[in-house]
Amino acid sequence: MPAPPTRSDGAHPPGCVIGLFWVERDRVCLGSPPIDEDPGVFLSPTRLSVGEGVRRQSWSWADLTDVRVLDVPVRSSAARWATRVTGVVAAALNAWGPQGPTVMTAVVCARDGRRVETPVFAGAATAYTRREVDLSLGLLSHFVRGGAAPDLLTRWWDENQPSDVLHSRERERVLESWTAPLM
Numbered sequence: 002m003p004a005p006p007t008r009s010d011g012a013h014p015p016g017c018v019i020g021l022f023w024v025e026r027d028r029v030c031l032g033s034p035p036i037d038e039d040p041g042v043f044l045s046p047t048r049l050s051v052g053e054g055v056r057r058q059s060w061s062w063a064d065l066t067d068v069r070v071l072d073v074p075v076r077s078s079a080a081r082w083a084t085r086v087t088g089v090v091a092a093a094l095n096a097w098g099p100q101g102p103t104v105m106t107a108v109v110c111a112r113d114g115r116r117v118e119t120p121v122f123a124g125a126a127t128a129y130t131r132r133e134v135d136l137s138l139g140l141l142s143h144f145v146r147g148g149a150a151p152d153l154l155t156r157w158w159d160e161n162q163p164s165d166v167l168h169s170r171e172r173e174r175v176l177e178s179w180t181a182p183l184m
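Following the numbering used here from start to finish, the sequence shown increments by one per residue and tops out at 184.
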């Protein structure tokens, strides 16, 4: 599900997609924010949580051995151009289809042997670039290993608060700015 557009009153949208993350002022989600019965995966500076309220499962980053995201929709350059052409034609013919966001699977592996799999919705409108996925998974592994914390993302939000949906190349540049110091 894409980031919401700028509001007519000029206020900033509540969050945006950067790679596999949904970034807001006070929270970071893996995938887009949860809706309805979807539990959601939340990243804080000290913890990863699946779900909210009484169903919440939570681990400190030190208690995790791995976090993976499966079934990530990835598009090639050729597919990206085909999607643009299809979008232009669909808009011209007013022939949009009822296609919802792609469901990915977040896999959380803890040191105590627990493994939790939960669905998360992709945040990208159609698919991610391979580079965007690789950078996101690299950053996620730095969170697990303790080399970085998700507040890096919320600090970026506080400083930038984009008023528009970022295109894939812009999202890649933001991810590169986060991962470059970690290499």
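Ideal Cβ positions, reconstructed from N, Cα and C, are used throughout, including at glycine.
By the neighbour-count criterion, in which a residue is buried when 16 or more other Cβ atoms sit within 10 angstroms of its Cβ, Ser137 is buried. When beta bridges are read from the DSSP output, Phe43 appears opposite Cys30, Ser50. In the three-state DSSP reduction, Leu167 falls in the coil class, being neither helix nor strand. If you ignore the 5 residues before and after Thr66, its C-beta comes within less than 6 Å of the C-beta of Cys110, Arg112, all in its own chain and listed in chain order. Taking C-beta separations shorter than 6 Å and ignoring five residues to either side along the sequence, Met184 has no partners in its chain. Arg112 carries a coil assignment under DSSP once its states are collapsed to helix, strand and coil. In the three-state reduction of the DSSP assignment, Val68 falls in the strand class. In terms of CA proximity to His168, Thr127 leads the group Pro34, Phe122, Thr127. Within a 10 Å sphere around the beta-carbon of Val134 sit 16 or more other beta-carbons, which makes this residue buried. Scanning the region 116-181 for uninterrupted alpha helix (DSSP H) segments of 4 residues or longer gives 131-146, 152-161, 169-180, listed from N- to C-terminal end. Apart from sequence neighbours up to five positions away, the residues of its chain that approach Thr119 with a beta-carbon distance below 6 Å are Pro40, Val51, Ala107, ordered along the chain. Put simply, the region 45-59 does not touch the region 157-172. Fewer than three CB pairs are less than 8 Å apart.
With a cutoff of 7 Å on beta-carbon distance, Val145 and Met105 are scored as not near each other.
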